[in-house]
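Enquirer:
Residue numbers (this note's numbering): 733 to 1122.
1) With DSSP as the reference, label residue 986 as helix, strand or coil.
2) Which of the three DSSP states is assigned to residue 1083 in this structure?
3) Would you report the Cα separation of residue 1035 and residue 975, rounded to the nearest angstrom?
4) Give me, in chain order, the residues of the same chain whose beta-carbon lies closer than 8 Å to that of residue 1114; leave out the 5 immediate sequence neighbours on both sides.
5) Distance check for residue 991 and residue 963, CA to CA, integer angstroms please.
6) Taking only heavy atoms of the ligand GTP into account, decide whether any of them is closer than 8 Å to the Cβ of residue 972.
7) Note down, one range per segment and in chain order, each beta strand (DSSP E) of at least 3 residues found wholly within the stretch 1065 to 1115.
8) Could you check where the beta strand (DSSP E) with residue 1035 kicks off and where it finishes?
9) Identify, in the order they occur along the chain, each residue of the same chain with its Cβ nearer than 6 Å to the Cβ of residue 696, setting aside the five sequence neighbours on each side.
10) So, residue 959 versus residue 1068, is the Cβ gap smaller than 9 Å?
11) Along the chain, which unbroken stretches of the beta strand (DSSP E) at least 3 residues long are found entirely within the stretch 844 to 873?
12) Give the straight-line distance between the Cα atoms of residue 791 and residue 994, rounded to the nearest whole angstrom.
13) Since residue 1038 and residue 949 are thought to touch, with beta carbons under 8 Å apart, how far apart are those beta carbons, to the nearest angstrom?
14) State the CB to CB distance for the pair residue 986 and residue 1030, rounded to an integer number of angstroms; the pair is presumed to be in contact (CB under 8 Å).
15) Should residue 851 go down as buried or exposed, given a rule of 16 or more other Cβ atoms within 10 Å for buried?
16) Apart from the five residues just before and just after residue 1103, which ones in its own chain have a Cβ nearer than 6 Å to its Cβ?
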């Protein structure tokens, strides 16, 4: 499978919730007309954007060089269209190119021209002059020139964007990151006041990272399983054989599996895992969520072609490059098994009216073949981590 991007806050993961988000707001002056009907950005975010007037260099998550540009992910409470300047620094920390005027576009991203192979670090500032402290600069990431991965199988790479996390959870993630090299951990600056803004920043950065190394990326929650109904067909095979050139993304419909209890906070023994794994414990399932009033998603999730998408949101592509369009996958071919905590954030209370449209609810099971493989993999990792301590 391709890379998967997710945002971590405890092991229950603050992942990409259902919101559309193309941000056009007032900063201290009117930049664009803000239309709340097309934006999922929370009112808390908008309030802070409007009242924050101090000029300061924003924190940067990453800078990614392609053939003709350097795309920078910017942790800044600034709206689309806000004017900034790209600043170029060599390996000695000397600013060696004239600052370039640019804009926040898409959300949390600044696209700068690629000017010189001497550029080692980048910064984004509100003005074109003045010193830039090193902590506000970020090293440029370059693809090494080898062929891009079409689709990771396994999945072999997860990106976790961490704002806050409990020690037990970080202990597990670091094992994956250090021992297995399957996870990369990225810190999210605690500048935001709501989970949605944090998610959109992580989404923007993850998309930019993967444009350098992979053709496709899955944007999916950690409690979701993308499945093909024909078990012998892999997602990789489907993308290779069934998705024509005009499509820039594939939309998978949701089927919610109701999860009535929280996961245990810490590992006790192997029996606990066999009893508590969501894919083994929970089965009451909705019908596929299709035919929403907006005609676009129903909280589905997407696999995107990294080169054909300019901006990825939580559940939809915000903007495609050069007129590409999404492929809406028939749930009879593939769908998402979403093991959703009913009580987390009062989810059932808030969404009951919408979810009950997808009746009748039926008991379904996770693929026995993949379920056994998943259990074996989980037990193997826990054995690697905890056996030396027992």
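No residue lacks a Cβ here, since even glycine has one placed at the ideal position from N, Cα and C.
The structure displayed is predicted, hence computed values, not measured ones.
Expert: Well, looking at it:
1) Within the chain shown, the letter at position 254 stands for residue 986. Of the three classes helix, strand and coil, the one that applies to residue 986 here is strand, per DSSP.
2) Indexing the chain shown from 1 puts residue 1083 at position 351. In the structure shown, residue 1083 sits in a helix (DSSP, three-state: H, G or I).
3) For this step, residue 1035 is matched to residue 303 along the chain shown. For this step, residue 975 is matched to residue 243 along the chain shown. Cα to Cα, residue 1035 sits roughly 11 Å from residue 975.
4) Residue numbering aside, residue 1114 sits at position 382 when the chain shown is read from its first letter. So the list reads 999, 1002, 1005, once near-sequence residues are dropped.
5) The residue given as residue 963 occupies position 231 in the chain shown. The residue given as residue 991 occupies position 259 in the chain shown. Answer to the nearest angstrom: the Cα atoms are 24 Å apart.
6) The model on display carries no ligand, and the ligand GTP is accordingly not part of it.
7) 1066 to 1073
8) One-based indexing of the chain shown puts residue 1035 at position 303. From DSSP, the beta strand (DSSP E) with residue 1035 extends over 1033 to 1037.
9) Nothing in the structure corresponds to residue 696, since the chain is present only between 733 and 1122.
10) Along the chain shown, read from residue 1 onward, the residue named residue 959 stands at position 227. Along the chain shown, read from residue 1 onward, the residue named residue 1068 stands at position 336. Yes. Within cutoff.
11) Taken in chain order, the complete beta strand (DSSP E) segments of 3 residues or longer contained in the stretch 844 to 873 are 853 to 857.
12) The count along the chain shown starts at 1 and reaches residue 791 at position 59. The count along the chain shown starts at 1 and reaches residue 994 at position 262. Their Cα atoms are separated by approximately 35 Å.
13) Your numbering for residue 1038 matches position 306 in the chain shown. Your numbering for residue 949 matches position 217 in the chain shown. So it is a contact: roughly 6 Å between Cβ atoms.
14) Position 254 of the chain shown, counted from the start, is the residue given in the question as residue 986. Position 298 of the chain shown, counted from the start, is the residue given in the question as residue 1030. At roughly 6 Å, the Cβ-Cβ gap stays under 8 Å, so residue 986 and residue 1030 are in contact.
15) Locating residue 851 in the chain shown gives position 119, counting from the first residue. The residue in question, residue 851, is buried, as its Cβ has 16 or more Cβ neighbours within 10 Å.
16) Taking the chain shown and counting its residues from 1, one reaches residue 1103 at position 371. Cβ within range, chain order: 1011.
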